[in-house]
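Sequence lines, in order, name chains A and B. 346 is the number that our numbering gives to position 346 of the first sequence; each next residue is one higher, with no gaps. 438 is the number that our numbering gives to position 57 of the second sequence; each next residue is one higher, with no gaps. In this text, a Cβ means the ideal position worked out from N, Cα and C, and glycines have one as well.
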Amino acid sequence: MEHIFQSLAQFWEYTGFANCAWQNLVMIGIGIVFITLAIVKEWEPMLLVPIGFGMIVGNIPMFPGLNIGVYEDGSVLNILYQGVKQGWYPPLIFLGIGAMTDFSALISQPRLILIGAAAQMGIFGAYLLALLFGFAPNEAGAIGIIGGADGPTAIFLSSKLAPDLMGAIAVSAYSYMALVPVIQKPIMLLLTNKKERLIKMPTPRTVSKKEKIIFPIVGFLITAFIVPSGLPLLGMLFFGNLLKESGVTKRLANTASGPLIDVVTTLIGLTVGASTQADKFISVKSLLIFGLGLLSFVIATTCGVLFVKLMNLFIKNPARKINPLIGNAGVSAVPDSARVSETVGREIDPTNHLLMHAMGPNVAGVIGSAVAAGILLSFLG
Amino acid sequence: MRKFLTTAFLLLLGWTLSAQNVSDLIIAEVVAEPDSTGILDDYGRQLGWVELYNKSTGTVNYGGCYLTDDRACLRKSLIPKSDLRTKLGPRQTVMLFCSGNGADGTFYAGFTLQPGSTVYLVSNDGRTIIDSLAIPAGLPKGKSIQKHATDLRQQHWEAEPEPCTPSPAILNSKSDIVSGGELMKERDPHGWILSITSVSVVFAALAILWFLFWLLFDRPAKKAAEPKKAKAEPDAEVAAAIALALDMEQDGDVYAAIATAVHLYLNDTVHDVEPGIVTIRRTETAWNNKALNFRKLPR
């Protein structure tokens, strides 16, 4: 009988109840909130469900040394986590994004590319602020990339520049991407007047297949020659797009944009979530990262909208004016930020469809954030 | 324009390719007179040596280059061209012994080193000096003169004024590899330089993309659509005439006629659309039709 009690006592030591700390419960709570938001509000469910559940997985209190935790070498979770740590998953996701993205909106109105560049100022605004808050330059760079509103890019860069902060940065980036409609709308309304919101943009011209095929090749050559450090992301993005647009590799494009990206998204979400173990995650730094991440989104949106207004000053022909409501789409949260442009535009004028136009800066933002990540990596890596 | 773009592209390509050529080599270290602790060559001799370092991230073939200690004779000692071992990997070093006899092998120079002289690495054209390193006259025996990497990331190298302990085949660096973050902390503590530079680069990259696609596709497409557009816009005179007519007449039929006219005008249906293509049909005659001129063979 005594042995049984001893065994039970020993077993108790291994249970989550014996090893539980309040921080674990907080993180599990956050994980549940993420899952709830994803299911009830349908905010980025593909990301928030795996991340939320990963948070729960990673914060189950356990007896260390059993080789099951995400940070314990050789554990299953650790092996899957290597894809995040070594930066394997983000380029694969970019491959899928490339295979899903239609760059027609951008090709038909090349001037909209510049909006995608302007919105990247959020990255550097957050970088400056992070330095002000005492972060080291490499950490500040990793935090700044949240402003690119691109989860894979944020994971890729933070895994290289500040692996310790990766969990907080990834969760922050994905959270704010999910909250794009909430964050961007008030800024857009604040920075535009009714007249500007009513601007109707001309219908984009039809883009030929030839242009669509040339775009990924030329786009890749230019961006990769300028920022070779962005090669993994840019290469995969444009390669994926070429698979789609070439028309002769439909099976590959379908795999990249379907099963492959689904598998990688599941793994990246789960392992990033699991990496947010309470002892590593709950800190003042994490809170600061969340605050700076929010600011970077605000700066990015502001710069995007203001840049369109600036462009309009130089456009003489009223018929060619750009609706500033598409400025927010310069952040690369595809297609959520473009959807916000459409929604806000239609609230003012139900006949004004901005989605097609907003997709231009939106996909330019994807390229811009990958370029920005490459620059930060080359300076701070 | 296409010619210009092609030329520009080729120039860019040429410039890029030359970025990983022999100009990326430096003379990293020289020992003029080794002491008893010096390393031995393949023949068991202790000789002075020159260490070359490849700064680039690509492989460089230094075969065909020259080493010399005489500014007036840049082709003094040729490094053999045909030896595959003259390919130097990225961020790698190679040692060349100065035995005074280049025939000793690929990695031997045909002169000996003397304190007070200068060693030159000359490009394979025999004229361009890629790098040089002066050996101080008072360089003690067994000591070397080195170049040190002050920044290994950016590959900034500086000659060390004081004699050093030889470090053959070892990277000469004053400190550990400095991370970019640490470097930026020193150089740009507030982050403004990096931010401004980065924003400029992002804009430049996307602006080039915009310009190219505007030039190659968007502009031609819009130009093609231009004539129709120009017709579609009523000019000031037409607008004034319509306004005048409306002021003068109040009859509904007149309004209808004007509306119809404007509609036809804007939709370019007043006149037939001419294709603008002139087709010259070739008329075959006995003079120019080969078929008619062929000799008809009897069947």
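For residue i, the three-state DSSP class (helix, strand or coil)
i: residue 498 of chain B; result: coil
i: residue 476 of chain B; result: strand
i: residue 272 of chain A; result: helix
i: residue 226 of chain A; result: helix
i: residue 510 of chain B; result: strand
i: residue 489 of chain B; result: strand
i: residue 447 of chain B; result: strand
i: residue 42 of chain A; result: coil
i: residue 538 of chain B; result: strand
i: residue 429 of chain B; result: strand
i: residue 211 of chain A; result: helix
i: residue 67 of chain A; result: coil
i: residue 179 of chain A; result: coil
i: residue 401 of chain B; result: Low confidence applies to residue 401 of chain B: its pLDDT is 46, below 50, so where it sits in the model is not reliable, and the reading given next is rough at best. Residue 401 of chain B falls in the coil class under three-state DSSP.
Spatially closest choice to residue i from the options, by CA coordinates
i: residue 142 of chain A; options: A:230, A:165, A:125; result: A:165
i: residue 575 of chain B; options: A:214, A:212, A:380, A:239; result: A:380
i: residue 452 of chain B; options: B:541, B:513, B:440, B:469; result: B:513
i: residue 561 of chain B; options: B:517, B:572, B:433, B:553; result: B:572
i: residue 361 of chain A; options: A:349, A:347, A:300, A:316; result: A:300
i: residue 601 of chain B; options: A:225, A:205, A:222, A:221; result: A:205
i: residue 477 of chain B; options: B:410, B:496, B:594, B:579; result: B:410
i: residue 424 of chain B; options: B:564, B:554, B:482; result: B:482
i: residue 17 of chain A; options: A:48, A:49, A:4, A:59; result: A:59
i: residue 435 of chain B; options: B:420, B:528, B:457, B:515; result: B:528
i: residue 85 of chain A; options: A:275, A:344, A:251, A:245; result: A:275
i: residue 36 of chain A; options: A:23, A:22, A:56, A:24; result: A:56
i: residue 586 of chain B; options: A:194, A:267, A:225; result: A:225
i: residue 454 of chain B; options: B:565, B:502, B:634; result: B:502
i: residue 358 of chain A; options: A:77, A:340, A:144; result: A:340
CB contact check: residue i to chain A, cutoff 7 angstroms
i: residue 404 of chain B; result: no
i: residue 498 of chain B; result: no
i: residue 599 of chain B; result: yes
i: residue 575 of chain B; result: yes
i: residue 476 of chain B; result: no
i: residue 704 of chain B; result: Lying before the first or after the last residue shown, residue 704 of chain B is absent from chain B, which here runs from 382 to 680.
i: residue 602 of chain B; result: yes
i: residue 437 of chain B; result: no
i: residue 591 of chain B; result: yes
i: residue 579 of chain B; result: yes
i: residue 457 of chain B; result: no
i: residue 587 of chain B; result: yes
i: residue 566 of chain B; result: yes
i: residue 583 of chain B; result: yes
i: residue 562 of chain B; result: yes
i: residue 492 of chain B; result: no
Test: residue i CB closer than 7 angstroms to a CB of chain B
i: residue 219 of chain A; result: yes
i: residue 327 of chain A; result: no
i: residue 211 of chain A; result: yes
i: residue 184 of chain A; result: no
i: residue 355 of chain A; result: no
i: residue 82 of chain A; result: no
i: residue 373 of chain A; result: no
i: residue 192 of chain A; result: no
i: residue 223 of chain A; result: yes
i: residue 226 of chain A; result: yes
i: residue 240 of chain A; result: no
i: residue 138 of chain A; result: yes
i: residue 145 of chain A; result: no
Distance CB(residue i)-CB(residue j) smaller than 7 angstroms
i: residue 326 of chain A; j: residue 312 of chain A; result: no
i: residue 337 of chain A; j: residue 366 of chain A; result: no
i: residue 581 of chain B; j: residue 547 of chain B; result: no
i: residue 450 of chain B; j: residue 412 of chain B; result: no
i: residue 459 of chain B; j: residue 441 of chain B; result: no
i: residue 87 of chain A; j: residue 172 of chain A; result: no
i: residue 153 of chain A; j: residue 373 of chain A; result: yes
i: residue 148 of chain A; j: residue 369 of chain A; result: yes
i: residue 297 of chain A; j: residue 115 of chain A; result: no
i: residue 457 of chain B; j: residue 444 of chain B; result: no
Where residue i meets chain D, residues with beta-carbon distance less than 9 angstroms
i: residue 571 of chain B; result: Here the protein chains are A and B, and chain D is not one of them.
Any 3 or more C-beta pairs closer than 8 angstroms across the stretch 285-297 of chain A and the stretch 170-187 of chain A | yes
Does the count of Cβ pairs from the stretch 367-377 of chain A and the stretch 346-358 of chain A closer than 8 angstroms reach three?
-> no
For the stretch 36-44 of chain A against the stretch 271-291 of chain A, are there 3 or more C-beta pairs whose distance is under 8 angstroms?
-> No, they do not touch.
Cβ contact check for the stretch 228-245 of chain A and the stretch 87-100 of chain A: 3 or more pairs under 8 angstroms | yes
At a cut of 8 angstroms, does the stretch 588-604 of chain B reach the stretch 96-113 of chain A through at least three beta carbon pairs?
-> yes
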